[in-house]
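Going by full-length UniProt numbering, 192 is the number at position 192 of the sequence shown; the sequence numbering is gapless. The C-beta atom is built at its ideal place from N, Cα and C for all residues, glycine as well.
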Amino acid sequence: MAAPNNQISINVWLSPNEGPEKEGGVGGSRASSSEQPDAASHGKPGVSLLPSDSSRDPWLSSIMEDGGESGENKSQQSKIQKVPAMLRDDESNNKCFDPWVVSIGPYHRGKPELQLMEGLKTETVRQHVTESKVEVQDLYNKVVKAVGDARKCYKEGSTDELDDREFAMMMFLDGCFILQFISCSTDKDKKMNIKSHNVAFVRRDLFLLENQLPFLVLEALMLPKKDEWLEKINNFVDNTRAHSPDHHKQGGWLDRITKKLFREVPQAKEEQQPEQQPVHLLGILHAQLINQSDLNALSCSMSDWSSYRSANELKAAGIQFKPSKLVVSRTSMLLNLVAYESCPGAPDDFGVTSYLCFMDVLIDHAEDVKVLRSNGILLNFLGNDKQVAKLFNEIAKDLVPNPHAYARVKGDIESITITRPRSGSLSGFTLILLALGLFWLSLVLFWPSPSAVFRLILQLSLMMERTHKCYI
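Structure (structure tokens):
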């Protein structure tokens, strides 16, 4: 999408007869009807846009002194953004961004359909206080101290209707609910008063972009068992996503899947990434899925990637697929990760976005899904390969990937598909051999001179050899 034109062209010209003529105007001169008006005019006679002295215009000073704290740079302070309009405006995806059973934070607070879980939040407070063995007032006070920083995590103006006490109460209730749900999900001996079908819905809702709680609030509620809680949270996030067979190994899961699609794909050199403070649960999920060094931002860009061939075509070209797994039933999770990557201040690698665009290249039809599924790459819980193909094609239709993502994978595909014949070429060569064979048979049956037949066969053999070399 083309960037909006932010240039404003202002042409201020006064007509010769505009306004009364007065002596002692700008510069002590009279505006003559025959003179062209000053371009620095504000649109009114006798008023100049030029400062009276050499001082800087206050508007220009405000720009220079702003320190770049406008636009995306300013909004980076808001770590929990709303879903970009580009994604929200797509009606087919809109339902994937709203919570179904529980509201976390201010964006969906108070919705009637989410009130059932509000009563459960007070119960989780009692559970959490009992388990933490900390006085409830002391635990609440820790959240109160974090209120100022927590407000800044949300979009400016979105929490104005809540005073500090109301905001602190919301953070306290939501934080205790999240931690207790995580604890019950990772500990089989613990249970929450939630119906089994709602457990899956709560898990879904906790990974929506607009339904996040600042991690600093969760940290305040973890004390004095922070390390224990961090392990539970990591296990919870890890269990929420699908796994490839080697998910225990270091590296980004989505990127490992793509590398496993093709044999002998070179691995990018691992680099130590500085450990960053988690933003929220969705951010932790993104960090677990994506390893920055795995994106292979090396030598080629999207402009070098010209194959655009589906999985079925790549298989016909001789590319072999190795088993790995992707669960495609969690459309909501994928879209919210894409929305998170679109927000200012989020990781700028566009790892999930690039992955979905790459899968969109591989999948055109149900046959392509079948190829990936039969090789253990896709776990189709939708029940229909055609639905899966439609899913990837619709999700990726307006997405813009990182042009350097999967550079080595794309380069390997390009080199293989150029040097190897495609399935259509092989079929054509087979037809040529069949036609020549039938022609040879007719010569043997109807040509009276055997020597002439053998000479012709020799010539045809040489011709076939040259033709075969053209296809290799």
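For the pair V279 and F215, the CB atoms are nearer than the 8 angstroms cut-off.
Residue environment: R165 is assigned as exposed (fewer than 16 neighbouring CB atoms within 10 Å of its CB, all protein chains considered). Of all alpha-carbon atoms in L173, T186, V217, the one lying nearest the alpha-carbon of D238 is that of T186. By the CB criterion at 8 angstroms, V83 and A396 fall outside the cutoff.
Rounded to the nearest angstrom, the gap between the Cα atoms of Q180 and D138 is 18 angstroms.
Per DSSP, P106 is not a residue of any alpha helix (DSSP H), being assigned neither H nor E.
The distance from the Cβ of D360 to that of K370 is about 17 angstroms, inconsistent with a contact at the 8 angstroms cut-off.
Take the alpha-carbon of L120 and the one of D90: they are about 33 angstroms apart. Contact between D205 and W100 is confirmed by a C-beta separation of about 6 angstroms, below the 8 angstroms threshold. For I178, the secondary structure class from DSSP, reduced to helix, strand or coil, is helix.
Here I395 carries a helix assignment [DSSP, helix/strand/coil]. Judged by their CB atoms, P106 and M170 are nearer to each other than the 8 angstroms cut-off. Per the DSSP secondary-structure output, I80 pairs in a beta bridge with Y154.
Boundaries cannot be given for D349, as no alpha helix (DSSP H) includes it and DSSP labels it neither H nor E. Counted as a single uninterrupted DSSP element, the alpha helix (DSSP H) harbouring L334 occupies residues 331-342.
One alpha carbon belongs to R330, the other to K226, and they sit about 30 angstroms apart.
With a cutoff of 8 angstroms on beta-carbon distance, I80 and I178 are scored as not near each other. Annotated three-state conformation of P58 is helix, per DSSP. A straight-line Cα-Cα distance of about 15 angstroms links V352 and L391.
F97 is positioned such that its CB atom lies no closer than 8 angstroms to that of L213. The C-beta of L223 has fewer than 16 other C-beta atoms within 10 Å across all chains shown, which makes the residue exposed.
Pairing N141 with L335 gives a Cβ-Cβ distance that is not under 8 angstroms. Beta-carbon to beta-carbon, G283 and V217 are separated by about 14 angstroms, too far to satisfy the 8 angstroms threshold. Taking 8 angstroms as the cut-off, the beta carbon of H128 is found closer than this to the beta carbon of L221. The alpha carbon of S354 has as its nearest neighbour, out of L289, Q387, S332, G345, the alpha carbon of L289. Distance from the Cα of L162 is smallest, within the candidate group E219, R109, K195, for R109. Here DSSP, grouped into helix, strand and coil, assigns F97 to coil. Judged by DSSP secondary structure, T159 falls outside any alpha helix (DSSP H); it is assigned neither H nor E.
Here the alpha carbon of F350 sits roughly 15 angstroms from the alpha carbon of L87. Where V199 is concerned, the enclosing alpha helix (DSSP H) starts and stops at 196-205. In this structure A389 is buried. Its beta-carbon is surrounded by 16 or more other beta-carbon atoms within 10 angstroms.
Boundaries of the alpha helix (DSSP H) around N141: 136-145. Using a 10 angstroms sphere on the CB of R151, the tally of other CB atoms reaches 16 or more, which defines it as buried.
With distances taken between CA atoms, N211 lies nearest to L337 out of E367, E394, L337. Distances from the alpha-carbon of A346 to those of Q387, E394, L372, A287 put A287 closest.
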